[in-house]
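To start, the structure itself, in structure tokens.
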Amino acid sequence: MRTILNAQMGTALNKQVNAEMWSAYLYLSMSYDMKIKGFPGMANWFAAQAKEEFEHAQRIMSFIVAADGKVKLEPIAEVQQEWNSPKDAFADTLMHEKIVTEKIHELMDMAVEAKDYATQNMLNWFINEQVEEEDTARELLAALEAIEGDKAAMYMFDSKLGKRE
Ligand code: MG
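Letter 162 of the sequence shown, counting from 1, is numbered 204 in this note's numbering, and no numbers are missing.
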């Protein structure tokens, strides 16, 4: 009888765990940079985003273990420490989420090819999540582009993002 995860799939999922942890690092870095730059609301938003990424990693790890695979935690690569502006941070957020979407789609391709139905099911959640992630990042970036240079509007925008839990 074949196992749920083949070796290649197991390795690829562990790689995705690392990518999600790296995402958490990236957003944590943005969070503190926004805090330093005087945008506590955006700092809050990125901190919540980082927490979500950590949960994504945990979701995949739980699946790997449940599917009788082995979790392998690799070192997390360094992330950028500073952004020129909130707009730059959100532009990077959108770009990063597009890359993550691609990675998830590649994993799905692999799972389909391997006829690994359990992994396909697990990945469906991530496919939906990425649509949300890109949509949110696009929306916030568009808002920042619209209010660029307007300090009062920036203050309002920051306050709004401070409400994310
Ligand atoms: Mg994620």
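Don't be surprised by glycine CBs; every beta carbon is placed ideally from N, CA and C.
Going by the C-beta, is residue i closer than 6 Å to any heavy atom of the ligand MG?
i, result
"H147", "no"
"E95", "yes"
"E174", "no"
"E144", "no"
"E155", "no"
"E62", "yes"
"H98", "yes"
"S104", "no"
"S73", "no"
"S65", "yes"
Run through DSSP, which three-state label would residue i get?
i, result
"K57", "helix"
"Q100", "helix"
"K157", "coil"
"L115", "coil"
"G52", "helix"
"T25", "Outside the modelled stretch of the chain, which goes from 43 to 207, sits residue 25, for which no answer is possible."
"S127", "coil"
Could you give the distance in angstroms between the alpha-carbon of residue i and the alpha-carbon of residue j?
i, j, result
"V107", "A85", "33 Å"
"E124", "D130", "10 Å"
"Q162", "M198", "41 Å"
"I118", "K93", "16 Å"
"N48", "F96", "25 Å"
"V121", "M43", "42 Å"
"G204", "D110", "40 Å"
"K193", "A90", "24 Å"
"E116", "H147", "22 Å"
Legend entry - Cβ pair count under 8 Å reaching 3, the segment 185 to 202 against the segment 61 to 69: Output reads no: the segment 61 to 69 does not touch the segment 185 to 202.
Inset, instruction - Please determine if the segment 165 to 174 and the segment 135 to 155 are in contact, where contact requires at least 3 C-beta pairs separated by less than 8 Å. - result: Counting Cβ pairs under 8 Å, three or more are found: they touch.
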